[in-house]
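Everything on this sheet refers to the single structure shown next.
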Amino acid sequence: MITLSSDFGTPYPAAMKGVLLRRTDARLVDVAHDFPRQDVRATAFWLREVLPYFPAATHLVVVDPGVGTDRAAIVVEAAGHTFVAPDNGVVVPAVREIAGDDFDVYEVAYDDDGTASNTFHGRDVFAPAAADVHDSPTIAGVERFSPTEKFVDLTFPTPTVDEETATGEVLVVDDFGNVVTNLPGRLLDGLDRASVDGEVVPVRRSYAAVDAGDRVVTVGSHGNVELAVNRGRGDDAFGLSVGDRVTVDHA
Amino acid sequence: MITLSSDFGTPYPAAMKGVLLRRTDARLVDVAHDFPRQDVRATAFWLREVLPYFPAATHLVVVDPGVGTDRAAIVVEAAGHTFVAPDNGVVVPAVREIAGDDFDVYEVAYDDDGTASNTFHGRDVFAPAAADVHDSPTIAGVERFSPTEKFVDLTFPTPTVDEETATGEVLVVDDFGNVVTNLPGRLLDGLDRASVDGEVVPVRRSYAAVDAGDRVVTVGSHGNVELAVNRGRGDDAFGLSVGDRVTVDHA
Amino acid sequence: MITLSSDFGTPYPAAMKGVLLRRTDARLVDVAHDFPRQDVRATAFWLREVLPYFPAATHLVVVDPGVGTDRAAIVVEAAGHTFVAPDNGVVVPAVREIAGDDFDVYEVAYDDDGTASNTFHGRDVFAPAAADVHDSPTIAGVERFSPTEKFVDLTFPTPTVDEETATGEVLVVDDFGNVVTNLPGRLLDGLDRASVDGEVVPVRRSYAAVDAGDRVVTVGSHGNVELAVNRGRGDDAFGLSVGDRVTVDHA
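Heads up: the sequence lines are chains F, H and X, in that order.
Its first residue numbered 1, the first sequence is counted upward by one per residue in the working numbering.
Its first residue numbered 252, the second sequence is counted upward by one per residue in the working numbering.
Its first residue numbered 503, the third sequence is counted upward by one per residue in the working numbering.
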């Protein structure tokens, strides 16, 4: 099984599928092709949320603002899963979620002589590598893959949590407008309301527990504190964007 | 075969796919994941239009504004098809289109002890249930499914049709801006023009039968009267939204 | 294998999938369903870019502004690939890219007696034809397909290229806002900068070789000259739309 993730929109992902299908009989599963454009950090967050739910698979990931520069192409082997991606950290949080620190990294050699296009490595470098990864008995056996200790790391900021106050930041805003923070959901245990940046908001187990249009603090499916509006957009209501600092206190 | 329908956008549907693929070898077919957000009625309309074209399958449907409340999760068995969805009526029109009133409903027991997340039952409740439905020889044989007579019904309004005048309402507006009413297409039989809310508009068999930018009344692929603009948006041109009343007379 | 391409958005492609899955066990691969709406020329360009990467397959393509008029439905057989589409030229550039002038065209007979809807031939005419194409040992053996020499052609304009000046036009603007011209990429060989409509812009091998927000001239993955902005929209920065004339000189 090969999963496909990119920020390509339409119709470039189909060229990757064509390249894969010419080379392998693997089952193809689209994860998404509308990850936030060239946003390595947000994509890394979402991949950490969804890829661990898959059975062992080859994960082809192409969110690649550095395409055509000298950034490396890598393969990561982790607990039966294999990731094929640009070396910009985009798969690292998912790798760590699945395998902790027990993973191996390989660099993928590719021609820089004009054979591979400089603008579409998804089709010309990563898809062929993913097909080889899928169909080869061992990663180490593919000639153009060489083990490396070097890779670009990516970690999310750690919140500051005191007894009654926690300060973190907005990691991503999802399609619904829900504001996902890096604050652990257990902060809300036993609370009926919380103070978010100084304003008191009800704490509930679900969006629908408040009236339509009302703000709510809840624990998202990712286990983090989420700031939302029932049937509305939390980012607008709370005035928060990615990277903004958020303080949550007992109220 | 398991079909997937939701209003999740990106990338939550991939988590459901991962959960399914860990549990079953079933073929997965995406119906759509951009149904109008939290709009049970519009999704119910579209599912009634598309699911009957499928061969017998398990249909996983998650448009679920009541997630985390006490709404039930149900399985519906109907003429060889099986539907797994929240008990909010979203699959009922498709079920009736396929099987009339000859269907069986089961309630799905799920833990409310914090094991299932309160915000993502698609991943934690419905996807596992769909995998079990697909792989079990009988629905009744799955321990946590129990037969029930109770379910939330959903029906579309019936138009008032006289000899020369019909009054109905807008059911949905599609991606093209075409206004889909609940008026039966046979109303237009033999007509060359009709009066829509008092304005005379040509009746044609296709959008392209009028000039680009012109309004047209036609019969949509669903068999209902549709108000459209050739290469334009009918909702803007007719000033109509979902739920608006529409009167069509002989002109 | 059957690939699916359309401008249907949501959820009409699912009805085509249902019709296909009732008739054939073929693997289904989505190319895209958000091709520019009713834009035959842009879709033809993108299909020429992506379909040649696929192994031999049946390609179902429905971008069909003339649905319900007397335009024909055709099947094209070309170098092992088969295309099923309205006769409006949408598949012709892809066919020629794959097979040159060595291809055969068949007209698909379909009832115009009200059996097929007049607004959704994708579901009622093209999907059944694609299933028959896929499962029949020969195209010529399907009774309702008859060989024809007539079909609607579609070609892209040829640029005027002198020693130091080339004049072409904008073929399409992609999802990223990159402006794709019909000028051959070799024009930029050895150049460090070029004059685009009189303004000097750097020529680079990749978007990322200029600062974020800066304009760049490069060769796209399609081999043509592309006008872009690193992490921005080239169409806005260059003030260019589809069909606009573009002149590139040595600077």
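Beta carbons: idealized from backbone N, C-alpha and C, even for Gly.
Taking the alpha-carbon positions, what's the ASP153/F to PRO93/F distance? 9 Å
Let me make sure I understand the geometry here. Which of TYR53/F, ALA42/F, PHE35/F and VAL62/F has the alpha-carbon closest to that of ALA15/F? VAL62/F
Mind checking which residues open and close the beta strand (DSSP E) that includes GLU609/X? 606 to 610
Between HIS286/H and ASN726/X, what straight-line distance do the alpha-carbon atoms span, to the nearest angstrom? Checking the sequence shown, residue 286/H turns out to be Phe, not His. Rounded to whole angstroms, PHE286/H to ASN726/X spans 37 Å at the Cα level.
Identify every run of the beta strand (DSSP E) within the region 717 to 746 of chain X, keeping only runs that are complete inside it and at least 3 residues long; order them along the chain. 717 to 721 and 726 to 731
At a Cβ threshold of 8 Å, is VAL62/F touching chain H? no
Pull up the distance between the alpha-carbon of PHE305/H and that of ILE74/F, whole angstroms please. 41 Å
Buried or exposed for LYS519/X, going by 16 or more other Cβ atoms inside 10 Å? buried
Is the region 237 to 244 of chain F in contact with the region 344 to 359 of chain H, if contact means three or more CB pairs nearer than 8 Å? no
Between which two residues does the alpha helix (DSSP H) containing VAL542/X stretch? 542 to 552
Let me make sure I understand the geometry here. Which of PRO157/F, ASP64/F and VAL29/F has the alpha-carbon closest to that of PHE56/F? At residue 56/F the sequence reads Ala, which differs from the Phe that was named. When each option's Cα is compared against that of ALA56/F, the closest is VAL29/F.
In or out: ARG186/F buried (at least 16 other Cβ within 10 Å) or exposed? exposed
Distance cutoff 8 Å, beta carbons only. Does PHE206/H sit that close to anything in chain X? What the structure shows of chain H is the stretch from 252 to 502, and residue 206/H is not part of that stretch, so it cannot be assessed.
Of the choices VAL91/F, THR155/F and HIS33/F, whose alpha-carbon is the least far from that of VAL59/F? Correcting the residue type first, residue 59/F is His in the shown sequence and not Val. Residue nearest to HIS59/F within the set VAL91/F, THR155/F and HIS33/F is VAL91/F (criterion: CA-CA distance).
To the nearest angstrom, report how far apart TYR263/H and LEU51/F are at their CA atoms. 11 Å
First through last residue of the alpha helix (DSSP H) which encompasses GLN209/F: First, the amino acid is wrong: residue 209/F is Ala here, not Gln. Secondary structure note for ALA209/F: it is in no alpha helix (DSSP H), with a DSSP letter that is neither H nor E.
As assigned by DSSP and simplified to three states, the class of ARG444/H: Residue state, collapsed to three classes: strand.
Any residues in the region 416 to 436 of chain H with a beta carbon nearer than 9 Å to a beta carbon of chain X? Which ones, in chain order? Those residues of the region 416 to 436 of chain H that come within reach of chain X (Cβ to Cβ, closer than 9 Å) are ASP425, ASP426, PHE427 and ASN429.
Just the C-alpha distance for TYR106/F and LEU47/F, rounded to the nearest angstrom, thanks. Going from the Cα of TYR106/F to the Cα of LEU47/F covers about 20 Å.
Using a Cβ-Cβ distance cut-off of 8 Å, determine whether ALA460/H contacts chain F. Taking Cβ atoms only, chain F never reaches closer than 8 Å to ALA460/H, which makes this a no.
Using a Cβ cut-off of 7 Å, pull out every chain F residue sitting near ASP634/X, in sequence order please. Ordered by position in chain F, no residue passes the 7 Å Cβ test against ASP634/X, which lies about 22 Å from the chain.
PRO147/F versus ALA109/F - alpha carbon distance: 11 Å
Taking all protein chains shown into account, decide if VAL125/F is buried (16 or more other Cβ within 10 angstroms of its Cβ) or exposed. buried
Would you say GLU599/X faces chain F, with C-beta separation under 8 Å as the test? no
Cβ neighbour criterion (16 or more within 10 Å) applied to HIS501/H: exposed
For chain F, is any of its Cβ atoms less than 8 Å away from the one on GLY722/X? yes
On the DSSP letters alone, give me the boundaries of the alpha helix (DSSP H) that ALA265/H sits inside. 263 to 274
CA-to-CA distance, ASP448/H to THR409/H, given in whole angstroms: Taking the straight line joining both Cα atoms gives about 18 Å.
Own chain, CB closer than 8 Å to ILE180/F, minus 5 neighbours either side, in chain order: The sequence shown places Val at residue 180/F, rather than the Ile named in the question. Closer than 8 Å at the Cβ level, and outside the excluded window around VAL180/F, lie PHE45, VAL170, LEU171, VAL172, VAL173, ASP174, GLY220, HIS222, ASN224 and GLU226.
Listed from N- to C-terminal order along the chain, which residues in the region 189 to 208 of chain F have their beta-carbon within a distance smaller than 9 Å of any beta-carbon of chain H? ARG204, ARG205, SER206, TYR207 and ALA208
Determine the chain H residues that contact ARG524/X at a beta-carbon separation under 9 Å, and present them in chain order. TYR304, PHE305 and PRO306
Take HIS372/H as the anchor and find which of PHE402/H, ASP315/H, THR333/H and ASN433/H has the nearest alpha-carbon. ASP315/H
Considering only DSSP beta bridges, list what PRO435/H is partnered with. ASN475/H
Grab me the residues of GLY89/F's own chain with a C-beta within less than 7 Å of its C-beta, minus the 5 sequence neighbours each way, in chain order. VAL40, ALA44, VAL152, ASP153 and LEU154
If you reduce the DSSP assignment to three classes, tell me which class PRO704/X lands in. strand
Sort ALA460/H, ASP443/H, LEU434/H and PHE427/H by Cα distance to GLY483/H and report the nearest one. PHE427/H
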